[in-house]
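Protein chains: 2
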Amino acid sequence: MKLYDGGRAPNPRRVRVFLAEKGISVPLEQVDIARREHQSAAFTALNPLQRIPSLVLDDGTVISESIAICRYFEALQPEPALFGRDPVEAGLVEMWQRRLEFELLMGVAAVFRHTHPAMAELEVPQVPEWAEANRPRVQRFLALLDQHLEGRTFILGDYFSVADITGLIAIDFMRLPKIAVPEELANVRAWHARLAARPSAAA
Amino acid sequence: MKLYDGGRAPNPRRVRVFLAEKGISVPLEQVDIARREHQSAAFTALNPLQRIPSLVLDDGTVISESIAICRYFEALQPEPALFGRDPVEAGLVEMWQRRLEFELLMGVAAVFRHTHPAMAELEVPQVPEWAEANRPRVQRFLALLDQHLEGRTFILGDYFSVADITGLIAIDFMRLPKIAVPEELANVRAWHARLAARPSAAA
Chain A
1 MKLYDGGRAP NPRRVRVFLA EKGISVPLEQ VDIARREHQS AAFTALNPLQ
51 RIPSLVLDDG TVISESIAIC RYFEALQPEP ALFGRDPVEA GLVEMWQRRL
101 EFELLMGVAA VFRHTHPAMA ELEVPQVPEW AEANRPRVQR FLALLDQHLE
151 GRTFILGDYF SVADITGLIA IDFMRLPKIA VPEELANVRA WHARLAARPS
201 AAA
Chain B
1 MKLYDGGRAP NPRRVRVFLA EKGISVPLEQ VDIARREHQS AAFTALNPLQ
51 RIPSLVLDDG TVISESIAIC RYFEALQPEP ALFGRDPVEA GLVEMWQRRL
101 EFELLMGVAA VFRHTHPAMA ELEVPQVPEW AEANRPRVQR FLALLDQHLE
151 GRTFILGDYF SVADITGLIA IDFMRLPKIA VPEELANVRA WHARLAARPS
201 AAA
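Okay, here's the thing in C-alpha cells:
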C-alpha cells in the first residue's frame with residue numbers, strides 16, 4: 001500500500017490528520033504539484049483526474065478523493081470511529097463534513113485558485129469574479145458555524161469527528177488567500193485552537 | 001420523521017431514488033423553491049443554509065445534505081448496501097460518488113445556476129464566466145466516465161451503488177442547461193439508459 005501525498009496542500013494533509021487520529025501509518029510518496037508531477041503520464045495512469053492524495057493498494061486498486069481514502073480506512077479499522085457511532089451521528093457527521101467542505105473549504109479554495117498568481121497555470125481559466133462571489137459566502141458560513149459551536153467542544157458536541165478535521169484544514173487554508181476569521185467569532189477561534197492543539201494537527 | 005422534499009430539483013430526487021432502491025417509505029412535505037418557501041423563517045429555523053432535502057427526526061434532529069440523509073438510512077437499514085459491502089468498495093463508492101457529484105453534478109449546476117434567467121434571484125451574483133469555465137470541465141469528465149464504463153454495467157461493475165444514483169441525477173439535470181451527452185460516448189448513454197429503466201428512477 002502506498003499513499004501519494006502532497007506536502008502542504010490541504011487535501012493530502014486532511015488524510016494525514018485522519019490517519020494520525022486513527023493511529024494508522026501508511027508509506028507516503030511525495031508528488032510535487034509545483035513541479036506538476038501530478039500531471040505526469042505515470043501519475044495520470046493512476047488517477048486520470050490528476051489529484052492528490054491517491055491511495056494505491058497492493059493489488060493495484062486506486063482510491064482517490066481524500067474523504068474516500070478516509071472511508072476506506074474507517075471500514076478497515078473502525079476504532080476510533082470518526083464518521084459517527086450510530087445512524088444519527090453518521091448522518092450528522094456527513095452533513096457537517098459536507099457543509100465544512102462545500103461552504104468553507106471549497107469557498108476558500110475558490111478565492112485562492114481564482115486570484116493567486118501562483119495558480120494561473122493550474123486553474124485555467126482563472127475567474128476572479130467567481131473568487132469575489134465566494135468571499136461573502138465564506139464569511140456567512142463562518143458566522144453560522146460560530147452560532148453552531150456555541151456551547152460545543154467539537155462540531156458534534158463532545159464527539160470528535162472527521163467534520164472537525166475538514167474544519168481544521170479549511171481554517172488553516174484561509175491563510176493562503178489571506179482570509180481571516182473575524183475577531184468576534186470567538187467560538188470558531190476557540191474551536192480551531194482546540195483542533196490545532198491536538199497532536200494530529202502536526203501531521 | 002418527515003422529509004422536506006422539493007419535487008423536480010436534483011438533490012431531493014437523489015434521496016427519493018435512494019429510498020426507492022432501499023424500499024424505505026418516508027412521509028414527504030413539499031417545499032416550493034419557486035415560491036421561495038425554503039427561505040421562510042420556519043424552514044430557515046430547521047436548516048439555516050435553506051437547502052432541501054432536509055430530514056427531521058421525531059426528536060427534532062435535522063439532517064440535511066442529500067448524501068448525509070442517505071448515509072443515515074444506510075446505517076439504519078444496511079440492506080441492500082448502496083455505499084459498498086467491504087472496505088475497498090466503501091472507498092471506491094465514495095470516490096466515484098464524489099467525482100460524479102463534483103465534476104458532473106456541480107459542473108452542470110454551475111452552468112445552470114450562473115446562466116439561466118430563472119436563477120437570477122436565487123444565485124446572487126450570477127457569474128457567467130464561471131458557467132463557461134464549467135462547460136469544458138463537464139465534457140472532459142464525461143469522456144473520462146465513458147472510458148471507465150467500458151465493459152461495466154454500473155460504476156462499480158456489477159454492483160449498483162449510490163454513485164450510480166448521483167450519476168443518473170446529474171445526467172438528467174443536464175437537460176435544464178441544455179447540455180447533451182455526445183453521441184460518441186456510447187458507454188455513458190447505455191449506462192444512463194440502464195439507470196433510467198430501473199423502477200427507482202420514477203421516484
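Protein chains in written order, with UniProt numbering: chain A, 1 to 203; chain B, 1 to 203. Using N, Cα and C, we set each Cβ at its ideal position, and we do this for glycine too.
Query raised in the report: When the Cβ atoms of the region 63 to 75 of chain A are set against those of the region 30 to 38 of chain B, are three or more pairs found closer than 8 Å?
Result: Under the Cβ criterion (8 Å, minimum of three pairs), the region 63 to 75 of chain A does not count as touching the region 30 to 38 of chain B.
Requested in this report: Please check if any C-beta of chain B sits within less than 7 Å of the C-beta of A:Ile63.
Outcome: Chain B has a Cβ within less than 7 Å of the Cβ of A:Ile63.
Query raised in the report: Shorter than 7 Å from the beta carbon of B:Pro125 to some beta carbon of chain A?
Result: It does; some Cβ of chain A falls within 7 Å.
**Report entry** Stretch pair the region 98 to 107 of chain B + the region 108 to 122 of chain A: three plus CB contacts closer than 8 Å
**Finding:** With a cut-off of 8 Å on Cβ pairs, the region 98 to 107 of chain B is not in contact with the region 108 to 122 of chain A, counting fewer than three such pairs.
Query raised in the report: What is the C-beta distance between A:Gly91 and B:Tyr72, in whole angstroms, given that I count them as a contact (C-beta under 8 Å)?
Result: The distance from the Cβ of A:Gly91 to that of B:Tyr72 is about 3 Å, consistent with a contact at the 8 Å cut-off.
Query raised in the report: The alpha helix (DSSP H) with B:Val93 in it runs from where to where?
Result: If you look at B:Val93, you'll find it in the alpha helix (DSSP H) that goes 87 to 99.
Query - Other residues of its chain near A:Gly167: CB distance less than 6 Å, five sequence neighbours each side excluded - result: Shown here for A:Gly167: same chain residues with a beta carbon closer than 6 Å to its own, the five before and five after excluded, namely Leu100 in chain order.
Query - Own chain residues within Cβ distance below 8 Å of A:Ile24, not counting five before or after - result: Annotation for A:Ile24: Phe73, Gln77 place their beta carbon closer than 8 Å to its own, counting only its chain and skipping 5 residues before and after.
**Report entry** Simplified DSSP assignment, three categories, for B:Ser66
**Finding:** When secondary structure is reduced to three states using DSSP, B:Ser66 falls in the helix class.
Query raised in the report: Quick one: Cα of A:Pro125 to Cα of A:Ala68, how far?
Result: Each residue's alpha carbon lies about 28 Å from the other.
Report task. With distances taken Cα to Cα, identify the nearest neighbour of B:Leu55 among B:Pro80, B:Leu28, B:Ala9. Result -> Answer by Cα proximity: B:Leu28.
Requested in this report: Measure from the C-beta of B:Pro53 to each C-beta in chain A and report whether the shortest distance is under 7 Å.
Outcome: No, no contact with chain A.
Query raised in the report: Got a sec: which bits of the region 130 to 157 of chain B sit with their beta carbon under 9 Å from any beta carbon on chain A, in order along the chain?
Result: Within the region 130 to 157 of chain B, the qualifying residues are Trp130, Glu132, Ala133, Phe141, Leu144, Gln147, His148.
Requested in this report: Output the residue ranges of the alpha helix (DSSP H) runs that lie fully inside the UniProt domain "GST C-terminal" (86 to 203) of chain B and measure 4 residues or longer, sorted by chain position.
Outcome: Whole alpha helix (DSSP H) segments, 4+ residues: 87 to 99, 106 to 113, 128 to 149, 162 to 173, 186 to 196.
Query raised in the report: Are B:Asp5 and B:Pro53 touching if we call contact CB-CB under 7 Å?
Result: Yes, Cβ-Cβ distance for B:Asp5 and B:Pro53 is below 7 Å.
Report task. Alpha carbon to alpha carbon, how far is B:Pro199 from B:Val17? Give it in angstroms, no decimals. Result -> Taking the straight line from one Cα to the other gives about 9 Å.
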